[in-house]
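Have a look at the structure below, then the notes.
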Amino acid sequence: MLNTTNTTADGHVKLFIPGPVEVSDKTFRAFCHPQIGHRGSEFSSLYEAIHPRLQTMFGTAGPVYLSTSSAWGVMEGSIRNLVQKKVLNCMCGAFSDKWLDVSRRCGKEAEGLRVEWGDPILPEMVEATLSQGGFDAITLIHNETSTGVLNPLADIAAVVKKFPEVMFIVDSVSSFSTMPIPMDELGIDVLLTGSQKALAMPPGLSLLGVSERARERAAATPGRGYYFDFIEFHKNWEKFMTPSTPTTGHIWALQSKLDDIFGEGLEARHARHEKLNRMVSDWVGANGFEHFAREGFRSKSLVCVKNNRDIDVAAFCSALKKKHRVAINGGYGKIKGTTFRISNMGDESEATITELLGWMTGCLPA
Ligand SMILES: *Cc1c(COP(=O)(O)O)cnc(C)c1O
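In structure tokens form, the structure reads like this:
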């Protein structure tokens, strides 16, 4: 039987990990729409109906494509479509580090711009590296989910604009909809996000805005394959369709989620994320912890806590799960145990975050 409850009554462990995040009953109900054919008018009407709101959220007058894949599909696809010479992969955590490996696995020439985990990518570093020449694309993860670093996107965008040959590929998986990201204004060529993090939907859908010049680059790039071919996406988008059979359940869920988002109002949604994030940050200081991410470059959608008190993070997480049926994350990759992370993405409220923080305090060692 499908479990569609997000209450603690049935023993479900509510997710406060930075993805996937908790999915509301309303979103699940929308997901369970009866199956429709994806080549009929019901599908194209659905896509057409949600598209203007997607454009508003992406800050673009251009197309927003829907990909039946997790974000990595379109992260890889962006490389395959846009890189002809060499890509610069900005590396500041687990997800951004992996993008270099993915670029190379696609057979592309790729170079990493590396900083220590916890540090941001700075515009002057990008400028110095791109100035060496030879690059025709750059990847940046706006909000590095593993470290809680929010990179200075607007400042980096201003630098990338000075290099007209360089396509600007931005991952907003854990920041999309939590703060404004004006794609066209910033000169972003691909802005991509996934369904299961900031959008609080089940995993399996990604969304991407693609600029006209990126489409022109793609048309001239060999070996871009079929499934993630931007040209295929575009041809189908012109009829409000997708290249292959889409995950229609997600698109019904997305429509419902857009109703929620625009019902709340974008500005109110951004302010809510800022407020909830501040509540978690305040808890960090009040309990003798520090942030893992450098001050001034901290995420608004999650907090990565540095375990400077040297608590048993695994025991802390497991006490929260056992006593209160909630999950936080005990650190990602090489910072497992030396950090822990709390998400304030999606549908969380002052009430749910207050409750969580109270439980966290109660589960800390004396
Ligand atoms: C989770 C995450 C991804 C990968 O998403 P998948 O859904 O696993 O493909 C990529 N980038 C960021 C910033 C993420 O947080």
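If you want the working numbering, it's the position in the sequence shown, counting the first as 1, plus 1. Where a beta carbon is used, it is the ideal one built from N, C-alpha and C, also for glycine.
- With a threshold of 6 Å, the Cβ atom of valine 191 does not count as near ligand 1, since no heavy atom of the ligand is closer than that.
- In the DSSP assignment, serine 68 falls within the beta strand (DSSP E) that extends over 65-68.
- Exclusion of isoleucine 329 from the 6 Å shell around ligand 1 follows from its C-beta lying no nearer than that to any non-hydrogen atom of the ligand.
- In this structure, DSSP gives serine 212 a state outside helix and strand, which the three-state scheme calls coil.
- With three or more CB-CB distances shorter than 8 Å, the stretch 59-71 counts as touching the stretch 177-197.
- Around the CB of arginine 30, fewer than 16 other CB atoms lie within 10 Å, so the residue is classed as exposed.
- Per the coordinates, the alpha-carbon of arginine 299 lies some 5 Å from the alpha-carbon of valine 150.
- Looking from the CA of aspartate 156, the closest CA among Asp261, Thr146, Glu125, Ser147 belongs to Glu125.
- Within the stretch 286-331, the runs of beta strand (DSSP E) at least 3 residues long that lie entirely inside it are, in chain order, 303-307.
- For lysine 99, the enclosing alpha helix (DSSP H) covers residues 95-106.
- Sorting Leu365, Asp348, Ile354 by C-alpha distance to the C-alpha of threonine 28 places Asp348 at the top.
- Taking the Cα positions, glycine 332 is about 6 Å away from glycine 338.
- Listed in chain order, the non-local C-beta contacts of aspartate 261 below 7 Å within the same chain number zero, local neighbours out to five positions each way being set aside.
- If you compare the alpha carbons of Asp26, Arg40, Lys301 with that of threonine 246, the shortest gap goes to Arg40.
- Scanning its chain for C-beta atoms nearer than 8 Å, with the 5 sequence neighbours on each side dropped, one finds around lysine 322 the residues Val14, Ala328, in chain order.
- Rounded to the nearest whole angstrom, the CA to CA distance from arginine 115 to cysteine 91 is 6 Å.
- Isoleucine 170 has Thr140, Val191 as its beta-bridge partners, per DSSP.
- DSSP places isoleucine 18 outside both helix and strand once states are collapsed to three, so it counts as coil.
- If you ignore the 5 residues before and after methionine 202, its C-beta comes within less than 7 Å of the C-beta of Val24, Thr28, Ser196, His251, Ala254, Leu255, Lys258, all in its own chain and listed in chain order.
- Its chain contains Glu233 as the residues whose beta carbon lies nearer than 7 Å to that of tyrosine 227, once the 5 sequence neighbours on both sides are disregarded; these appear in chain order.
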